[in-house]
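See below for the structure under consideration.
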Amino acid sequence: MKWLPQLARRLWMLFRRRQFDHDMDEEMRVHLELREKEYAQNGFSPEEAHMAARKNFGNALAIREVSHDSWGWAWLEHLGQDLRFAFRMFAKNPGFTAVAILTLALGIGANTAIFSVVYGVLLRPLPYKDASRLVVLNETTPKVGTVSVSYPNFLDWRAQSHDFSQMAAIQDVGFNLAGVTQPENISGEAVSPNFLSMMGVRPFLGRDFDASEEKPGTPPVVLLSYELWQSHMGGDRNAIGRTITLDGRSFTIVGVLPPNFRSLDKTDVMLPIGVWETDNSGEANDRGDRGDMVVIGRLAPGITFAQARTEMEGIAARLAKEYPASNDQFGVALQSIRDAFVSDARPAILVLFGAVMFVLLIACANVANLFLVRGAARTKEIALRIAFGASRNRIIRQMLTESFALAFLGGILGLALAIAGIRGIARLIPMDALSGATVNLNGAVLFFAGSIVVLAAFIFGLAPAMHSTRPDVQSELKEGGRTASASAAQNKLRGALAIAEISLALILLVGAGLMMKSLYKLMSVNPGFRPDRVLTMKMDLRTQQYSKDPVILNFWQQVLDRVSALPGVESAATGTSVPLTGSHDRGDITVEGMALPRPGNFPHPDFHDVSPGFISTLGIPLLRGRTFTDTDKQGAPLVGMVNTRLAAQYWPNDDPIGKRFMSGHPDPTGKRPPNWITVVGVVGDTKLYGLANPSRLEVYVSSLQSPDNVMNLVVKSRIDPAALTLAIRGAVASIDKDQPIFAISTMNQLVSDSVSTRRITLVLLGLFSALALVLAAIGIYGVISYSVAQRTHEIGIRMVLGAQPVDVLRMVLKQGVKIAFAGVAIGVMVSLGLTQLMSSLLFSVSTADPLTFGGVAILLVLVALLACYIPARRALRVDPMVSLRYE
Amino acid sequence: MYRDEIPPGTLHLLILRTLARRGELHGYEIARTIQQNSEDVLQVEEGSLYPALQRMLVKGWVNAHWGATPENRRARYYRLTAAGRKQLEIELSQFRRVVGAITRVIQTA
C-alpha cells in the first residue's frame, strides 16, 4: 500500500505546481546566496564569488525542471499545454473548426445511431440464462421447408433426446378477453411447464407452472404478462388466485411474468400446453396435426450444436419410419435462438452499418484534407519549432492532441445528433418485427461512440501530423515554404484522399440506387388482388358460445348483412386468410385420379375458406367458371375454386372445371368414402407471402359449407376505408357486444408494411449516400480550390504569356476530372464486389445493374465538375498583374 | 584543489546519512556537510542535490518544511522520515556489500 500515500503526495504537488516552482526558485536562491557569502569570506571579490557560486551550482532553470518532472506529471502538463494550444488554434480558425466539427459530428452521429440498432437487434444479450445454449427446433418437409412441430412428435423428441437437457414446446394461441371497456383479442402462448425455468426466467409474482400441470384433468391455470396485469388488474398483487375468463372459460391466475418478457413472440397470457393440446381430455392430438408450435431446447453440458443436430435427425428418421402416415419425409431443423430472433433483419442492418462506416471514412478523409491544408499553412511554424529544439514526437503529439480535441467536440455534437437520430429510427422500425429489440442509447452504444471518436482522430490526425513534420521540413524554412517537391507530395496525398471520398460515395450511391430500383420493381409487382379501398379485420368467435355450425353461420351472415348495409360500403365478405398478413391455413389435398405420393409429398396448398363475395371484394380475378353463391351451402354438393398455378400443375391439358379434389389423404382402409370437392372456378394467383415471394398453390372452399370460428372480414368501400372502422365495430357490437375485433388494417397498409424493411433500409441508405455525396463534393471542392490558390502565380504567368480563359478553365477542370474518374473507377470496382453482400435485400435487380452503376457514375462526375467549377471561376478572375506581385 | 566526483548512485545514501546524523538541514547545509565530512574530497555537484531531494520527497524518505536560518533567512529544511531511516539501512548494507566485494577483488588480484 506504499503507492497510495505516494499518489497523495504527487497529487498534492500537482495542485500547487506554481507554488512548487516558486519554492524551488527560492530554495536555490538561498543556496546561491549562502555559497556566495562563504566565497566572499574566503577572500573572493564580490564578482568572483557571484560567478563561482553559479558555476558550482549548475543551470538553475534546468535543475528546477528536472525537480519538477521528478513528480511524474510531465505528460499531463504537456497535454494541458497542447490542449490550450489546440483551442487557441480552433478559435483562430473558426471556419475550419466549424466545418471539421460538423463533418465529424455527422459521421459519428450516424454511426452511433445505427450502432444502437445493431446493438439492440443483433448484439444485445438475450434476456435468458445462457442463451447461447438454447436451440429452436422445427420440423421440415422437402416440399414446404420449415413447418410447425406436432405435439406427439415433440413428446417423442423430449423422451428420446439425450443431447438436450431440457425441451419445451411453445404454441401460439389467441384468446378473447371480455375486457373492461370493449372486448379484445389477446395473444397467448401455451408452453410446457418447464419452459420458464429452462429459459432462466422467474415469474415477477406468484409461481411458475408445476410439472403436473401438463397432465390432463388439472384445473386450468394461467400466468399473466406484466403489461396485461398492469393494464387490466391495475398491478394489484391480490390478483394472484383470482380467475380470468378467456374464451368463456375460467382460468386461475397463478403468477405474473416479468416486465417486458418475451419468448419468441409477444404474449399476454401463458398457460400449460398439455392441457391446451389435449383439450384437457388426455387424448393427444393427431400426430399429423401441425398447428403453430415450435420447440426450444437447452443443450446438455458439453454437447455441441452439431452433435445435437445429428441426434435429432436420427430421432426424426426413426419417427418417420415408425409413423409413415404422418411423418414420412419429415425432418428436423435446428436454429440458435439468436438466429430465430433476427434472421430477417440482419442483412439490412449490416448493410446500413457498413454504409455509415463509409460515411465516417469520408468525413475523416475530409477533415484530414482540412488538416493538410492547414498543415501546409503551418509549415513555417512547425519548422521553426523543430529548429528551436522541439522533438518530432513532441510535435506529432501536439498535432494529435488537436485532432483528438476536434474529434471529441465532433463526438459530443455527434452524440446529440445520434440521440435525435435514434428517436427517429426507433419510430421508423416496427419493433414487434424485431422481437422486442430495444434501440436506445446505452453503455455499449456510448462505448462505441467513444471508440469511433478515438479511431476517427487517429485516421484523420496521424497522416497530416506525420506529413507536416517529415524530416525534410527544414528545407521549407530555407526556401520560404515554396519548395516544389514538398507541395507536390502534399497535393498527391490530398488528391488521393479526394479519390477515396469519391469512391466511397459511389459505393453508397450504388447501394441506395439498387435498393431504390428493387423497391420500385417490388411495388410494381401485381399482388393478385386490388388493395385499393379495402379494409380487413379479424374476429375469433368464442368456442363456448359459438360451438355449433348454424350459430356460427348465422353470426357471419348477420355481420355481412349489416356491414353491407352501411353507407359507403360497396361489398363485404369473409375469408380465413388475407394476403400479406402472415395468418395462413395450409393443408394437404388429394387430386382425384393422381398417383398417390408418399405422405410427405402430397400437394400442400393454402386453404381459403371464403364467403361468396370474397374474391370480388378483394379484386382477385375470376378466370374460368363461377364463384361461390348462397346456394353452395351445407347439404349441397361440395364446391371449390383453385388458382391458376394449381390448375396448371394438376390439369395442364384439361379444363379444371368439374375436376375433383379432397382435403387431406384418402383413408387407406377405404372404409371412409372420400369427400370430393368439385372445382367450379379458376381464379388468379395471389401474393400471399409477400410481393417478393413466388405465389403458391391455393384452393378456395365455401365457408357456407365448412364454417369457421376465425374469419377475416374484408370490406370494399366507396370512401376512405379507414373511416368505416367505427361503423363496422358498431354493426358487430349490435350482433354480439362481447365480440372482439382485431388486426384492423387497410389492404394498402398491408402492402406497404410488407415492404417496410426494404423501405426503411432505402430511406436510411438514401440519407447516408446523400450525406456521402455532399461530403465528397466538399472534399473535391477543397482540393481544387486549394490547388487553384496555390497556382495563382502560375496562372498569372500563363495568362501573361497569352493563355486564354478557356485554357485556364480546362487546366483546372482537368485536375478535377482526373480525380473524379479515378474515384469512379475504383468505386465501381469495389462496388461490384460489395453489392454481392446485399443481394438478399434486392429484388429482380442484378447486383451489377448497369443502369444504376452508370447513372451513379455520371451523377458523381457531374457533382465533381460542379464542385470544381467554383474554384475554376476564381482562377479565371485572376488578375495577372496582381498575381505576379503576390510574391 | 582537486576534488573527486561522488560515485554514481551514492548521492541518496550520502543525503540520507547526513540527515540521519545531523537532523534537520536545508539544502546548502547538506551540500556543505557532505563536503566537510569527506574532508573536502567529495564534491557534490551542488545543483544535483535538489532533484535528488525531490525524488526522495516523492518516495516519502524525507519531508520538508520552511524555517528560518540562524541569520533569519527563510530556507527549506529537510528531515528524515521512518521510511527514510529504513531506506538508509538498505542503502548502507548494499553499499557495504559492494565496497566489500570490490575491496576483496582488489586485495586478491
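Keeping their order, the protein sequence lines are chains A and B.
To convert a position in the first sequence, counted from 1, into my numbering, add 195.
Residue 44 in my numbering sits at position 56 of the second sequence, and the numbers go up by one each step.
All C-beta atoms in this analysis are idealised placements derived from N, C-alpha and C, irrespective of residue type, glycine included.
Nearest-angstrom Cβ-Cβ length linking residue i and residue j, presumed shorter than 8 Å
i, j, result
"A/Thr307", "A/Ala571", "Contact flag wrong, Cβ pair sits at about 32 Å."
"A/His799", "A/Val339", "6 Å"
"A/Met734", "A/Met942", "At roughly 17 Å, the Cβ-Cβ gap does not stay under 8 Å, so A/Met734 and A/Met942 are not in contact."
"A/Leu1060", "A/Val1019", "That belief does not hold up - the Cβ atoms of A/Leu1060 and A/Val1019 are roughly 12 Å apart, past 8 Å."
"A/Ile544", "A/Val312", "6 Å"
"A/Met488", "A/Ser343", "5 Å"
"A/Val330", "A/Leu466", "Not a contact, Cβ separation roughly 24 Å."
"A/Leu841", "A/Asn870", "A/Leu841 to A/Asn870, Cβ: 18 Å. No contact."
"A/Ile975", "A/Ala1070", "The Cβ separation is near 15 Å, so there is no contact."
"A/Val896", "A/Thr812", "That pair is no contact at about 17 Å."
Endpoints, beta strand (DSSP E) assigned at residue i
i, result
"A/Lys911", "905 to 912"
"A/Asp367", "359 to 372"
"A/Glu893", "893 to 897"
"A/Leu332", "329 to 336"
"A/Glu408", "Where A/Glu408 is concerned, there is no enclosing beta strand (DSSP E), given that its DSSP letter is neither H nor E."
"B/Trp54", "50 to 56"
"A/Lys733", "729 to 735"
"A/Arg140", "Examination of residue 140 of chain A is not possible in this model, given that chain A is present from 196 through 1082 alone."
"A/Asp801", "801 to 805"
Residue-level contact to chain A via CB, residue i, 9 Å cutoff
i, result
"B/Glu34", "yes"
"B/His14", "yes"
"B/Leu45", "yes"
"B/Gly11", "no"
"B/Pro39", "yes"
"B/Gly48", "yes"
"B/Gln42", "yes"
"B/Thr21", "no"
"B/Thr57", "yes"
"B/Arg61", "yes"
"B/Arg64", "yes"
Cβ pair residue i, residue j closer than 9 Å
i, j, result
"A/Met362", "A/Val551", "no"
"A/Ala978", "A/Ala693", "Residue identity differs from the one stated: residue 978 of chain A is Val in this sequence, not Ala. Yes."
"A/Ile747", "A/Pro496", "no"
"A/Gly302", "A/Val554", "yes"
"A/Pro1066", "A/Val1007", "yes"
"A/Asp358", "A/Ala511", "no"
"A/Leu1037", "A/Met710", "yes"
"A/Pro347", "A/Gly795", "no"
"A/Trp352", "A/Met507", "yes"
"A/Ile365", "A/Asp463", "no"
"A/Gly253", "B/Glu34", "yes"
Residue range of the unbroken alpha helix (DSSP H) whose run includes residue i
i, result
"A/Arg230", "212 to 236"
"A/Leu960", "951 to 985"
"A/Tyr518", "It is not in any alpha helix (DSSP H) - A/Tyr518 carries neither H nor E in the DSSP assignment."
"A/Ser1064", "According to the sequence shown, residue 1064 of chain A is Tyr rather than Ser. First-last of the alpha helix (DSSP H) with A/Tyr1064: 1045 to 1071."
Residue-chain proximity (residue i, chain B), Cβ-Cβ < 9 Å
i, result
"A/Leu206", "no"
"A/Trp270", "no"
"A/Gln165", "Outside the displayed span of chain A (196 to 1082) sits residue 165 of chain A, for which this structure offers no information."
"A/Gly253", "yes"
"A/Glu243", "no"
"A/Asp218", "yes"
"A/Phe210", "no"
"A/Ser225", "The sequence as given places Val at residue 225 of chain A; Ser does not occur at that position. With 9 Å as the cut-off, A/Val225 counts as an interface residue toward chain B."
"A/Gly238", "no"
* To do: Tell me, please, whether the segment 773 to 785 of chain A touches the segment 950 to 968 of chain A by the rule of three or more beta-carbon pairs shorter than 8 Å.
  => Under the Cβ criterion (8 Å, minimum of three pairs), the segment 773 to 785 of chain A does not count as touching the segment 950 to 968 of chain A.
* Would you call the segment 757 to 766 of chain A and the segment 914 to 925 of chain A touching, i.e. three or more CB-CB distances under 8 Å? -> yes
* **Contact between the segment 779 to 797 of chain A and the segment 931 to 951 of chain A (3+ Cβ pairs under 8 Å)** => no
* Should the segment 12 to 31 of chain B be called in touch with the segment 218 to 236 of chain A, which here means at least 3 C-beta pairs below 8 Å? -> yes
* State whether the segment 802 to 821 of chain A contacts the segment 871 to 883 of chain A, with contact taken as three or more CB pairs (one from each stretch) at a distance under 8 Å. => yes
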